[in-house]
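Colleague: So that we are looking at the same thing, I have put the structure below in structure tokens.
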């Protein structure tokens, strides 16, 4: 039941999904001046297709549910059905994906800063700290290792949070 707009949006999404995310972020940041804002733009540019695909899939599957059909039969408008029936049922999946993706966002942001395309000194950033400490690894290893451990622990924390949300929302669906 999709329209031509759905098809165009999904094909554009497919094009963006065909490019590896880190390569896309590096390309965007290398064209622009290195800054936190441009790194955030690059991360946003590489992550929107995943959420578009997720919401499209969820909305397509919910479109045939009885509560949506009941809203259509009662004469509810399309915006009402979208915002009152379909999107509230997508929130748990979106929230779980967001918490799981936060680890990736931190890794990509740190990677961009590590290679000099993200946050610039004097802005504090763990990727920049790891890059600055890399030249001291033989003698003063802790300068690079502790920021790297902070990145690892933060990413692990967000992944555990996402797993907890996934389990919590799975229990609510039972």
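Numbering (my numbering), first residue to last: 217 to 390.
From the three backbone atoms N, C-alpha and C, an ideal C-beta is built for every residue, glycine too.
The model shown is predicted, which means the values in this text are computed figures rather than measured ones.
What are the start and end residues of the alpha helix (DSSP H) that includes residue 232?
Modeller: The sequence position of residue 232 within the chain shown is 16, counting from 1. Here the alpha helix (DSSP H) through residue 232 covers 220 to 234.
Colleague: Considering only residues of the same chain and omitting the five flanking positions on each side of residue 349, which have a CB-CB separation below 6 Å?
Modeller: Position 133 of the chain shown holds residue 349. 359, 360.
Colleague: For residue 312, which residues of its own chain have a beta-carbon under 8 Å away from its beta-carbon, when the five flanking residues on both sides are left out?
Modeller: Position 96 of the chain shown, counted from the start, is the residue given in the question as residue 312. So the list reads 378, 381, 382, 385, once near-sequence residues are dropped.
Colleague: Mapping DSSP to helix, strand and coil, what is residue 268?
Modeller: Translated into the one-based positions of the chain shown, residue 268 becomes position 52. Residue 268: helix per DSSP, three-state reduction.
Colleague: If we call anything under 8 Å between Cβ atoms a contact, is residue 329 one with residue 344?
Modeller: Here residue 329 corresponds to residue number 113 of the chain shown, with the count starting at 1. Here residue 344 corresponds to residue number 128 of the chain shown, with the count starting at 1. Contact: yes.
Colleague: DSSP on residue 331, reduced to helix/strand/coil?
Modeller: Looking up residue 331 in the chain shown gives position 115. The answer is coil: DSSP assigns residue 331 none of H, G, I, E or B.
Colleague: Would you give the residue range spanned by the alpha helix (DSSP H) that residue 392 belongs to?
Modeller: It is not possible to answer for residue 392, since the shown part of the chain is limited to 217 through 390.
Colleague: Leaving out five residues before and five after residue 259 in sequence, what residues of the same chain have Cβ atoms less than 7 Å from its Cβ?
Modeller: For the purposes of this step, residue 259 is taken as the residue at position 43 of the chain shown. For residue 259, where only same-chain residues beyond five positions count, the Cβ hits under 7 Å are 241, 321, 324, 325.
Colleague: Could you tell me the boundaries of the alpha helix (DSSP H) in which residue 239 lies?
Modeller: Mapped onto the chain shown, residue 239 falls at position 23. Segment 237 to 247, the alpha helix (DSSP H) holding residue 239.
Colleague: Here's the rule: buried if 16 or more other CB atoms are within 10 angstroms of the residue's CB, otherwise exposed. What is residue 253?
Modeller: For this step, residue 253 is matched to residue 37 along the chain shown. That one is exposed.
Colleague: To the nearest angstrom, how far is it from the Cα of residue 433 to the Cα of residue 237?
Modeller: With the chain covering only 217 through 390, there is no way to say anything about residue 433.
Colleague: For residue 283, which of 304, 264, 270 has the nearest alpha-carbon?
Modeller: For the purposes of this step, residue 283 is taken as residue 67 along the chain shown, with counting starting at 1. Comparing Cα-Cα distances from residue 283 to each of 304, 264, 270, the minimum goes to 304.
Colleague: Let's see if you can read the secondary structure: which residues bound the alpha helix (DSSP H) around residue 292?
Modeller: Against the chain shown, residue 292 aligns to sequence position 76. Segment: none, residue 292 is in no alpha helix (DSSP H) and carries neither H nor E.
Colleague: What would DSSP say about residue 280, mapped onto helix, strand or coil?
Modeller: Position 64 of the chain shown, counted from the start, is the residue given in the question as residue 280. Coil, per DSSP.
Colleague: Taking the C-alpha atoms as reference points, what is the distance between residue 232 and residue 365?
Modeller: As a position in the chain shown, residue 232 is number 16, starting the count at 1. As a position in the chain shown, residue 365 is number 149, starting the count at 1. Distance between the alpha carbons of residue 232 and residue 365 is about 31 Å.
Colleague: Do residue 332 and residue 255 have their beta-carbon atoms positioned less than 8 Å apart in this structure?
Modeller: For the purposes of this step, residue 255 is identified with residue 39 of the chain shown, where counting begins at 1. For the purposes of this step, residue 332 is identified with residue 116 of the chain shown, where counting begins at 1. No. Outside cutoff.
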